[in-house]
């Protein structure tokens, strides 16, 4: 490997601010996407609690449901739901960047790569809705 | 403050020629220690701006002789024909070598290299990487150069002086721009690869770094410059910025039209207007003739008045969006970004713009100058394969062919030399003192660097443009003399060391003043018209007296003195330049 | 349109200043002027001490990247009038050490670029006499986008990961490694794997995606990195499932 000769003078290095992500909307959006993992964790914990309540009998499950109906939990879940949707949409939109699929020598357009993700999401949502609402 | 280092071969300039030479040396003898000293990071070098392509014969219907003939007739018979023959033979090999190093050449459907037509070329032989050929070549060379252990880069070091001792060049003194430190770098051979000097003019396609550094360094060290009167105007630059619209725009079928929408080139002995491009005809004529036709058209009052002077129109609309986007994407990008014009729907205003120096440091076929240990390659050099007018797409292969040749020759020369003596050290100390005293300490000056630069550029444009006369050139010579005097009284705002870009500008202006003087002097004494050198007072070519190269040297008092050297004519006796049939 | 506009330029001189400061200069506001023209006006007419890099002023040499109103831009391709009525804030590129005024130290990138082995690697070099390596337009198209990088460093200035962790290889170096990996003539992807899949390589990237947004040449380094993550994962899976040589 080649080398280089330099005697750089004293330079000034700016410290990156702790709040760098507030400076520009794309950075904030990125941080929100990263933070949405907390919402995912929250839903996982909640589901585990739900299964645990179910296994401990009907009374316990009724108590769990009552807890779910508390305004604080409802609002927490509403916020979490928003973040999960935000995560899904931003992630699906980024998927085409990670997947450079080529068919017949030509790169498949971004839309065609993002679309199956959305389609799968829709199908899964409809299936869940059908199972839940059927009863 | 002074730092010393030592190498076997030293390159001044890290553009296409410099990098090609560096690789050639590393491959010739891996033991040699090579230094690339460049005032910008190598990938910033001006090779990056070349757009259209690089000529090299590869098609069956083409021949080396035809490429040679096109080059020689294009150069108005001022090319050295043995050099041209070597050049056309080695050009395809060099372009192919670049392919093997990864250059993304545009391809035919079957995967072979594609070629396109180009101005003044009778056959299709111009290799291209869309319309960013120079960019891809430079980055390929730079990235390839990174793998050689033998190469040491001095990035952002500006060479202020060649160290000459015992009648032999033994190194350079360089200013490290970032730190302001002076570095004396000794070497057994030095190759100048600093490119052209377009910035002596105001309206130019050349980058700000093109200040003729290598020409001035050689000239001051006693090596002669050759054919400095031949300055190429490219016929299609964007007004105001001078940004180049590549000849490829015309080779893909673009038209040049005047204010009446008329393809005016047919009135200037360049053929008849056909809908499709015809090789060596009309818009595919040579650059000197097209630029001269523009001036004549202006004199007839048939150009369009733009906010920055007269223009004509380059019409690409009939090519359609698909051709423009695949073959000329950069042209579209430049027009959209800088002129707010979409060539798909609108005509592009263009005018001739200073583009290239046919002249340069006098070298032989191996890049050797008459000064021992000093070599030159690329635009800074004059071998001469370009004669009085370079053909488009010959300069990129030129920097490869002669970069490689100079590299090999310098490597062989260096292998036989011993390291420089003590004298060189003393010279470096003197140079450091000169820079310090003259630029950073001296008080009482009043001239601004930018004022002198602007007046020089205006002078060159007015006195040595597309058409010159004895009168205009004499006025130019006087003015340059005055500017040289005034330069002694410059005063810098910036007296510090770290990254002093004003000091850099001052050193560049002093180089350009020397180069400009040599150009004016050569132009004044060539009392004929040939190629890009058109004298209104001597409108005809005069083979009897001027089938010779101008060799200009610096005399003791700093004034230029011109001598002449015969042109090497081997197989193609001088004839008339015929285009359009 | 107003006739003048104010530039607020960040100044820093290591021989004199502890910290950067702002300098205001009034410059003519001309329709055809880019930000770089305004800086040159200041340097030539007002204050010769202002330092910045520039060269081709046609968006191809990559020298004149700076922060303009907080966003990384090529100043030769950024019109002054887009920022009217002003003021226009011009600062050195983020995330790099500042040497002076608007000049930053990019030597770190050159080292990272070299490590990525951005050259064509062959098991067997074909002699010139055998002609070119054939490459179809589609094969060219596979890597072409990543070969358009002009090393202007705007992507590094936009990358918060590089700002927080200067060891990160960064967008352009990885995109250029991927440019050679995807070249049908290249056989060196294995040699680049270790460097790229190092923790300072692709896995440092958290996919903010701003590198792609600010790239003046549409190189899409974010895409290059994510695609390479997929490749590296596949290679790892292969070597995990087929230790006898699947990783090759």
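Chains as they are written, first to last, in our numbering: chain R, 54 to 188; chain B, -8 to 572; chain D, 559 to 806.
Positions of the beta carbon are idealized from the N, C-alpha and C atoms, including for glycine.
These figures come from a predicted structure and were not determined experimentally.
- The Cβ-Cβ distance between residue 540 of chain B and residue 80 of chain B does not fall below 7 Å.
- One finds 611, 613, 619 and 621 in chain D with Cβ atoms closer than 9 Å to the Cβ of residue 31 of chain B, taken in chain order.
- Residue 481 of chain B has B:438 as its beta-bridge partners, per DSSP.
- When DSSP states are grouped into helix, strand and coil, residue 343 of chain B belongs to the strand group.
- For the C-beta of residue 768 of chain D, the chain R residues within less than 9 Å are, from N- to C-terminus, 77, 79, 80 and 83.
- Under the three-state reduction of DSSP output, residue 376 of chain B falls in the coil class, being neither helix nor strand.
- Using a Cβ distance threshold of 7 Å, residue 374 of chain B and residue 74 of chain B count as a contacting pair.
- A direct Cα-to-Cα measurement between residue 143 of chain B and residue 3 of chain B gives close to 12 Å.
- Contact of residue 162 of chain R with chain B by beta-carbon distance below 7 Å is absent, the smallest such distance being about 17 Å.
- In this structure residue 92 of chain B touches residue 678 of chain D by the C-beta definition: roughly 6 Å separates them, less than 8 Å.
- Under the DSSP definition of a beta bridge, residue 716 of chain D lacks any partner.
- Secondary structure at residue 311 of chain B: helix, using DSSP grouped into helix, strand and coil.
- Of all C-beta pairs linking the stretch 710 to 720 of chain D to the stretch 118 to 129 of chain B, fewer than three are shorter than 8 Å, placing the two stretches out of contact.
- For a Cβ distance threshold of 9 Å, residue set 652, 653, 718, 721 and 722 of chain D lies close to residue 69 of chain R, ordered along the chain.
- If you keep only unbroken alpha helix (DSSP H) runs of at least 4 residues inside the stretch 164 to 215 of chain B, you get 204 to 212.
- With respect to the 7 Å criterion, residue 528 of chain B and residue 467 of chain B are not classified as neighbours on the basis of their beta carbons.
- For the pair residue 201 of chain B and residue 37 of chain B, the CB atoms are nearer than the 7 Å cut-off.
- Fully contained in the stretch 453 to 530 of chain B are the following alpha helix (DSSP H) runs of length 4 or more, in chain order: 461 to 478 and 492 to 516.
- The contact set of residue 57 of chain R on chain D, defined by CB atoms closer than 8 Å, consists of 665 and 668 in chain order.
- Every unbroken stretch of the alpha helix (DSSP H) spanning 4 or more residues and falling wholly within the stretch 104 to 179 of chain R is given here in chain order: 111 to 121 and 124 to 151.
- With a 10 Å radius around the Cβ and a threshold of 16 neighbouring Cβ atoms, residue 150 of chain R comes out buried.
- For residue 459 of chain B and residue 275 of chain B, the gap between their C-alpha atoms comes out near 25 Å.
- Using beta-carbon distances, residue 144 of chain B counts as an interface residue toward chain R, with a partner under 7 Å.
- In terms of beta-carbon proximity, residue 695 of chain D lines the interface with chain B, with at least one pair separated by less than 7 Å.
- Residue 690 of chain D and residue 87 of chain B have their C-alpha atoms spaced approximately 6 Å apart.
- Across the stretch 192 to 225 of chain B, CB contacts with chain D closer than 8 Å involve 198, 199 and 200, in sequence order along the chain.
- Taking the Cα positions, residue 206 of chain B is about 23 Å away from residue -3 of chain B.
- Here residue 104 of chain B is not near residue 83 of chain B, since their CB atoms are 7 Å or more apart.
- For residue 639 of chain D, no beta strand (DSSP E) segment is defined, and its DSSP state is neither H nor E.
- By the Cβ neighbour-count rule, residue 123 of chain R is exposed, with fewer than 16 other Cβ atoms within 10 Å of its own.
- In this structure, residue 592 of chain D and residue 637 of chain D form a Cβ contact; the two beta carbons are roughly 6 Å apart against a cut-off of 8 Å.
- If you check the CB distance, residue 339 of chain B and residue 305 of chain B come in under 7 Å.
- Considering only beta carbons, the part of the stretch 128 to 162 of chain B lying closer than 7 Å to chain R consists of 136, 137, 138, 139, 140, 142, 143, 144, 145 and 146, in chain order.
- Residue burial is scored here from C-beta neighbours: residue 128 of chain R has fewer than 16 other C-beta atoms within 10 angstroms and is therefore classed as exposed.
- Scanning chain R for C-beta atoms nearer than 7 Å to the C-beta of residue 771 of chain D yields 79, reported in chain order.
- About 7 Å separates the beta carbon of residue 168 of chain B from that of residue 30 of chain B, a gap short enough to meet the 8 Å contact definition.
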